[in-house]
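*Asks:* Read the sequence shown against numbering that gives the first Met the number 0 and you will find it ends at 384, with the numbers running on by one and no gaps.
Backbone N, C-alpha and C define an ideal beta-carbon position, used for all residues, glycine too.
Just so it is clear, the structure is predicted and the values come from calculations on it, not from any experiment.
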Amino acid sequence: MSEAAEPTAAAPVTAASPADDERYMRLALTLGRRGLGNAWPNPAVGAVIVKDGVILGRGWTQAGGRPHAEVEALRRARKLAPDAVSGATLYVTLEPCSHQGKTPPCADAIVKAGIARVVSALEDPNPEVAGKGHEKLRAKGIAVETGLFADEARRDHAGHIARITQGRPHVLLKLAISADGKAGLPARKPVALSGEEARNRVFQLRAQSDAILVGIGTVLSDNPHLTSRLPGLMERSPVRVVLDANLRVPLSLAVVSTVRETPTWVMTSRKPSAIAEEILQQKGCKVFRVGDSAGKLDLGEVLKLLAGEGVTRLMVEGGPTVAASFVAADLVDEAVLVRSDKTIGEGIAPLAGMSLDALTRHLQAAGSERLGADTLETYARTNAQ
0 MSEAAEPTAA APVTAASPAD DERYMRLALT LGRRGLGNAW PNPAVGAVIV
50 KDGVILGRGW TQAGGRPHAE VEALRRARKL APDAVSGATL YVTLEPCSHQ
100 GKTPPCADAI VKAGIARVVS ALEDPNPEVA GKGHEKLRAK GIAVETGLFA
150 DEARRDHAGH IARITQGRPH VLLKLAISAD GKAGLPARKP VALSGEEARN
200 RVFQLRAQSD AILVGIGTVL SDNPHLTSRL PGLMERSPVR VVLDANLRVP
250 LSLAVVSTVR ETPTWVMTSR KPSAIAEEIL QQKGCKVFRV GDSAGKLDLG
300 EVLKLLAGEG VTRLMVEGGP TVAASFVAAD LVDEAVLVRS DKTIGEGIAP
350 LAGMSLDALT RHLQAAGSER LGADTLETYA RTNAQ
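1) Kindly indicate which residue of E345, S236, L184 has the alpha-carbon position closest to the one of D221.
2) Write down every uninterrupted run of the beta strand (DSSP E) in the segment 126-150 whose length is 3 residues or greater and which is fully enclosed by it, in chain order.
3) Within 10 angstroms of the Cβ of A197, are there 16 or more other Cβ atoms? Answer buried if so, exposed if not.
4) Where are the alpha helix (DSSP H) runs, 4 residues long or more, that stay fully inside the segment 71-120, in chain order?
5) Please state the DSSP three-state secondary structure of G45.
6) Which word fits A3, buried or exposed, when buried means at least 16 other C-beta atoms lie within 10 angstroms of its C-beta?
7) Using the rule of at least 16 other Cβ atoms within 10 Å of the residue's Cβ for burial, across every protein chain shown, is D123 buried or exposed?
8) Take T145 as the anchor and find which of K135, P104, Y90, R312 has the nearest alpha-carbon.
9) Kindly indicate the opening and closing residues of the beta strand (DSSP E) around E316.
10) Identify every residue that forms a DSSP beta bridge with Q363.
11) Indicate whether the contact test is met: 3 or more Cβ pairs, each with one atom in the segment 227-241 and one in the segment 201-219, closer than 8 Å.
12) For E2, which of helix, strand or coil comes out of DSSP?
13) Using 8 Å for Cβ pairs, my map puts V110 next to V143. What's the rounded Cβ distance?
14) Please state the DSSP three-state secondary structure of E122.
15) Rounded to the nearest angstrom, what separates V411 and L229 at their Cα positions?
16) Below 8 Å on the Cβ atoms is my contact criterion, and I expect I48 with A80 to pass it. Report the Cβ-Cβ distance as a whole number of Å.
17) So for T261, helix, strand or coil by DSSP?
18) Reducing DSSP to helix, strand and coil, say where K173 ends up.
19) Take the Cβ of L250 as the centre, count every other Cβ of all protein chains shown within 10 Å, and call the residue buried at 16 or more, exposed below.
20) Evaluate contact between the segment 284-303 and the segment 260-276, counting only Cβ atoms and requiring at least three cross-stretch pairs below 8 Å.
21) Report the three-state DSSP secondary structure of V213 (helix, strand or coil).
22) I need the boundaries of the alpha helix (DSSP H) containing L279, first residue and last residue.
23) Assign G183 to one of three DSSP states: helix, strand, or coil.
24) According to the neighbour-count rule (16 or more other Cβ atoms, all chains shown, within 10 Å of its Cβ), is S367 buried or exposed?
25) Using 7 Å as the threshold, is the C-beta distance between L313 and V170 below it?
26) When the Cα atoms are used, what is the spatial distance from V335 to D82?
27) Can you tell me the Cβ-Cβ gap for A68 and V53, rounded? I've got them flagged as a contact below 8 Å.
28) Does the contact criterion of 3 or more C-beta pairs under 8 Å hold for the segment 304-312 versus the segment 159-178?
29) Using the Cα positions of L370 and G132, report the straight-line distance between them to the nearest angstrom.
30) Could you spell out the range, first to last residue, of the beta strand (DSSP E) harbouring I54?
31) So what does DSSP say about T374, is it helix, strand or coil?
32) Under 6 Å Cβ to Cβ from A112, same chain only, skipping five residues before and after it: list those, please.
33) Ends of the alpha helix (DSSP H) at A15?
34) Since L35 is in the beta strand (DSSP E), which residue starts that stretch and which ends it?
35) Could you give the distance in angstroms between the alpha-carbon of L279 and the alpha-carbon of V255?
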């Protein structure tokens with residue numbers, strides 16, 4: 000909506016069966032996931048508008064967080080007819096916003112359109128909303144129901160919730176592990192563990208993340224691109240975050256040389272010279288300084304800084320030292336373990352200085368699937384809010 004208008008009274012509610020409600024909310028959740036990794040700093044919301052069993056409009060949060068899903072669904076529905084949505088039901092995966100931000104409140108747009116009923120999966124924890132959107136709709140005579148598929152919506156909006164309630168992104172740790180429990184060859188020599196199907200799934204996970212983080216050791220040993228190298232997903236590659244306490248990253252490596260195509264942010268300590276920082280900035284990298292202890296950057300400060308930049312979903316992909324640091328600091332909310340059928344023999348552990356149990360004992364198994372010769376296991380916090 001580009002202008003605020005006098006709200007109209009809600010039209011009579013069209014009845015829907017519980018099975019229909021579930022079907023349309025599942026669709027809204029599926030649509031919302033299209034925005035994962037692309038909608039930040041806003042949550043990736045999905046919305047569906049239905050009247051008399053006919054889907055009039057579908058919407059999801061667009062790139063950069065605007066337009067919001069509800070407004071996008073209304074826009075698409077109005078292509079059918081200007082008054083098509085009067086008396087319709089709106090299914091939405093997160094409470095419609097009620098405050099004036101960079102765009103007018105979605106709640107006002109819903110009222111103006113004549114929506115009669117709103118089925119909302121989850122209340123928004125954002126203090127600027129936090130039930131006010133639902134209250135505004137009810138005050139205008141719109142029937143509001145909440146909680147349908149709330150657990151699924153909570154998982155989809157985990158990044159938004161973590162940023163609002165904890166001041167940090169949701170952290171997904173990805174590890175590739177050989178059949179004999181190793182993550183790589185001695186001396187950090189690179190080795191291909193995963194097959195094509197598993198690699199493609201990792202590219203999808205990257206595309207659904209706002210940022211991807213590795214340590215300088217991984218950059219120096221592997222020279223990774225850290226992009227989503229699948230057709231149609233390259234432009235959805237996440238911001239690359241490199242932990243480099245001493246600003247050792249060579250300008251010739253991919254994370255710097257391709258910075259014009261995919262952004263790179265370098266986290267460093269307060270010790271390196273301003274000249275080293277300026278050189279990286281001239282290449283196009285953003286450099287952030289945080290506190291450190293014994294040469295290790297303060298991960299809590301790193302995450303707080305990323306949240307301040309709008310990052311809601313962070314994927315941590317290596318290497319073993321960085322992974323172990325996140326586990327030791329209890330900062331892993333979700334983990335994906337790609338288990339290969341290949342053996343390495345002598346090699347390095349996936350978590351430096353600790354067993355894999357240090358990760359999995361704090362997380363609950365959430366699923367497993369076969370991807371070619373590899374197995375992908377998912378773990379998540381049992382106390383996720």
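*Replies:* To lay it out plainly:
1) The residue with the shortest Cα to Cα distance from D221 is L184.
2) Within the segment 126-150, the complete beta strand (DSSP E) segments at least 3 residues long are 142-145, listed from N- to C-terminus.
3) In the assembly as shown, A197 is a buried residue. Its beta-carbon has 16 or more other beta-carbons within 10 Å.
4) List check, alpha helix (DSSP H) in window: 105-112.
5) Residue state, collapsed to three classes: strand.
6) Its pLDDT being 38, under 50, A3 is placed unreliably in this model, and the coordinates cannot settle the point.
7) Flag for D123 reads buried.
8) Comparing Cα-Cα distances from T145 to each of K135, P104, Y90, R312, the minimum goes to Y90.
9) It spans 312-317 - the beta strand (DSSP E) in which E316 sits, taken as one unbroken run.
10) Q363 pairs with A379.
11) Judged by Cβ distances under 8 Å, the segment 227-241 makes contact with the segment 201-219, as three or more pairs qualify.
12) Residue placement at E2 cannot be trusted, given a pLDDT of 35 that sits under 50; what the coordinates show is reported in the next sentence. Looking at E2 - three-state DSSP - the assignment turns out to be coil, as it is neither helix nor strand.
13) Cβ-Cβ separation between V110 and V143: approximately 12 Å, too far for a contact (criterion under 8 Å).
14) DSSP places E122 in coil when its eight states are reduced to three.
15) Here the chain comprises residues numbered 0 to 384, so residue 411 is not present and cannot be evaluated.
16) Contact doesn't hold; Cβ gap of about 12 Å is too wide.
17) Three-state result, T261: coil.
18) Here K173 sits in strand by DSSP.
19) When all chains shown are included, L250 counts as exposed.
20) Counting Cβ pairs under 8 Å, three or more are found: they touch.
21) Strand, per DSSP.
22) It spans 273-282 - the alpha helix (DSSP H) in which L279 sits, taken as one unbroken run.
23) In the structure shown, G183 sits in a strand (DSSP, three-state: E or B).
24) Note on S367: under 16 other CB atoms within 10 angstroms of its CB, so exposed under the neighbour-count rule.
25) In contact: L313 and V170 (Cβ atoms closer than 7 Å).
26) Taking the straight line joining both Cα atoms gives about 46 Å.
27) At roughly 19 Å, the Cβ-Cβ gap does not stay under 8 Å, so A68 and V53 are not in contact.
28) Yes, since at least three Cβ pairs between the segment 304-312 and the segment 159-178 fall closer than 8 Å, the two stretches touch.
29) Each residue's alpha carbon lies about 42 Å from the other.
30) Per DSSP, I54 belongs to the beta strand (DSSP E) from 53-59.
31) Of the three classes helix, strand and coil, the one that applies to T374 here is strand, per DSSP.
32) Cβ contact annotation for A112 (same chain, cutoff 6 Å, sequence separation greater than five): L73, V84, in chain order.
33) Note, A15: premise wrong, no alpha helix (DSSP H); not H, not E.
34) Run containing L35: none; DSSP gives neither H nor E here.
35) Near 8 Å, if we compare the C-alpha coordinates of V255 and L279.
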